[in-house]
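Here's the structure we're looking at; comments come further down.
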Amino acid sequence: MSVTAAQGFLASGVPAGIKESGDRDLALVVNRGPSRAAAGVFTSNRVQAAPVRWSRRVLADQSLAAVVLNSGGANACTGRVGEADTRAMAEATALAVGVAAEEVAVCSTGLIGVTLPMDRVTTGITTAAAGLSADGGEDAAVAIKTTDSVHKTAVASGPGWTVGGMAKGAGMLAPGLATMLVVLTTDADVSGQVLDAALRQAVRTTFDRVDSDGCMSTNDTVLLLASGTSGVTPFPAAFAEAVHAVCHDLARQLIADAEGASKEIEVRITGADSEHDAVTVGRSVARNNLLKCALHGEDPNWGRVLSAIGTTDAVFDPDRLDVAINGVWVCRDGAAGEDREKVDLSGREVTVTVDLRSGEESATIWTNDLTAEYVHENSAYSS
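FYI, my numbering numbers position 325 of the sequence shown as 397, with every residue one higher than the one before it.
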């Protein structure tokens with residue numbers, strides 16, 4: 073049930089006519105619980121869409137009553153018109169569901185630089201509000217898709233409480249955040265401070281470790297809302313674990329649906345001097361287009377892994393680097409190791425393991441191969 077798996081939440085997803093296809097393109101998530109605690113994490117891109125700036129402001133008091141989301145248009149780089157349209161979306165939602173506009177977060181996704189058809193958007197909000205349901209989570213998840221081939225949902229539970237979530241994202245996937253809209257909900261009775269700590273901890277090792285194509289969006293938003301309807305206050309560590317589980321599940325679904333991908337690649341860095349070094353090396357390997365092409369062609373070209381490692385400022389000795397591809401240690405001590413012919417790359421899942429042999433820290437980055445389909449998708453995206 074996605075975002076409505078947690079008690080106290082209603083959702084809907086409707087076709088508002090934003091997309092020419094006529095598919096669902098507008099979603100509402102409404103918190104009807106006694107609590108309206110909330111937290112959010114947003115893109116670190118300096119070019120930020122109007123909905124991101126609005127949602128940052130309304131979350132300042134760590135409280136939200138509703139979220140309105142649209143696909144089919146990012147409302148980014150649209151100037152004062154975009155700012156006014158964002159406020160209008162919040163006000164229309166507030167009027168339709170009986171809350172204040174300052175309690176409504178706004179999320180948009182789609183093509184940058186194009187204004188939204190606001191007459192259709194506001195009519196769609198009214199329609200979506202009329203269709204709000206405790207079973208509407210799946211429709212909402214479908215409505216926020218852009219180039220996604222499937223909608224993405226996840227749920228985790230504790231004793232008497234639940235965390236649910238939905239996400240969209242298939243391209244322009246890079247950290248800070250990875251390009252996405254994510255709404256998470258919980259019926260646990262927890263404060264905004266607990267939500268914020270759990271969300272930031274989870275995002276750091278899940279969504280921020282998704283690195284499909286090195287391109288960062290203007291609209292990335294991850295929201296976590298608590299209704300308090302269960303009346304249960306879990307231990308912070310248990311709650312954080314559940315939030316992490318939902319974020320991890322959704323992050324892996326993002327990579328699995330990456331545009332044109334034929335391989336899901338997990339880059340594991342071990343033996344690092346620091347977590348920073350592990351993440352830095354992991355990102356460099358994940359972003360190496362030559363390696364991504366090689367893995368698409370099922371070529372275990374470990375030299376490209378070493379080449380990527382060498383561009384970083386991480387602590388390592390080039391003559392002590394070990395690399396495995398799908399469990400075969402093709403590189404030992406910075407030179408050829410086991411026979412590369414032993415590597416089986418025929419499946420969809422690929423694991424690249426790098427041991428820096430410089431410390432005890434580790435990190436995992438998720439990426440995908442580079443395919444002709446990805447190039448086609450992004451060469452024709454706006455046309």
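Backbone N, C-alpha and C fix where the C-beta goes; we use that ideal spot for every residue, glycine too.
Range covered by the beta strand (DSSP E) that runs through residue i
i: residue 423; result: 421-427
i: residue 380; result: From DSSP, residue 380 is part of no beta strand (DSSP E) but of the alpha helix (DSSP H) over 374-381.
i: residue 255; result: 253-258
Under the three-state DSSP convention, the category residue i falls into
i: residue 361; result: helix
i: residue 149; result: coil
i: residue 14; result: The requested residue 14 does not occur in the structure, where the chain is confined to residues 73 to 455.
i: residue 289; result: coil
i: residue 236; result: strand
i: residue 170; result: coil
i: residue 224; result: strand
i: residue 216; result: coil
i: residue 209; result: helix
i: residue 75; result: helix
i: residue 86; result: strand
i: residue 432; result: coil
i: residue 394; result: strand
i: residue 91; result: coil
i: residue 356; result: helix
i: residue 448; result: helix
i: residue 154; result: helix
i: residue 122; result: helix
i: residue 294; result: strand
i: residue 417; result: coil
i: residue 100; result: strand
i: residue 344; result: strand
i: residue 61; result: Nothing can be reported for residue 61, as the shown portion of the chain is limited to 73 through 455.
i: residue 175; result: helix
i: residue 473; result: This structure cannot settle anything about residue 473, because the visible part of the chain is limited to 73 through 455.
i: residue 127; result: helix
i: residue 367; result: helix
i: residue 191; result: helix
i: residue 386; result: coil
i: residue 202; result: helix
Test item: CB-CB of residue i and residue j under 9 Å
i: residue 436; j: residue 339; result: yes
i: residue 140; j: residue 110; result: no
i: residue 236; j: residue 357; result: no
i: residue 83; j: residue 212; result: yes
i: residue 377; j: residue 363; result: yes
i: residue 333; j: residue 359; result: no
i: residue 238; j: residue 136; result: no
i: residue 231; j: residue 169; result: no
i: residue 171; j: residue 138; result: yes
i: residue 143; j: residue 218; result: yes
i: residue 150; j: residue 182; result: no
i: residue 433; j: residue 371; result: no
i: residue 80; j: residue 105; result: yes
i: residue 382; j: residue 392; result: no
i: residue 276; j: residue 438; result: no
i: residue 108; j: residue 298; result: yes
i: residue 290; j: residue 425; result: no
i: residue 214; j: residue 96; result: yes
i: residue 311; j: residue 258; result: yes
i: residue 130; j: residue 92; result: no
One or two residues paired with residue i in a DSSP bridge
i: residue 197; result: Residue 197 is not bridged to any residue.
i: residue 438; result: 282 and 338
i: residue 408; result: 403
i: residue 180; result: 142
i: residue 229; result: 234
i: residue 81; result: 103
Limits of the unbroken alpha helix (DSSP H) element including residue i
i: residue 310; result: 308-328
i: residue 268; result: 264-277
i: residue 136; result: Note, residue 136: premise wrong, no alpha helix (DSSP H); not H, not E.
i: residue 110; result: Not the alpha helix (DSSP H): residue 110 falls in the beta strand (DSSP E), residues 110-114.
Contact between the stretch 175-184 and the stretch 221-233 (3+ Cβ pairs under 8 Å): no
Validate contact between the stretch 385-397 and the stretch 344-361 using beta carbons, cut 8 Å, 3 pairs: yes
Segment contact flag, the stretch 251-269 with the stretch 288-297, C-beta cutoff 8 Å, min 3 pairs: yes
Cβ contact check for the stretch 320-332 and the stretch 147-161: 3 or more pairs under 8 Å: no
Touching by the beta-carbon criterion (3+ pairs, under 8 Å), the stretch 391-399 and the stretch 415-422: yes
The stretch 74-89 / the stretch 191-210 touching (three or more Cβ pairs under 8 Å): yes
Three or more C-beta pairs below 8 Å linking the stretch 188-206 and the stretch 98-115: yes
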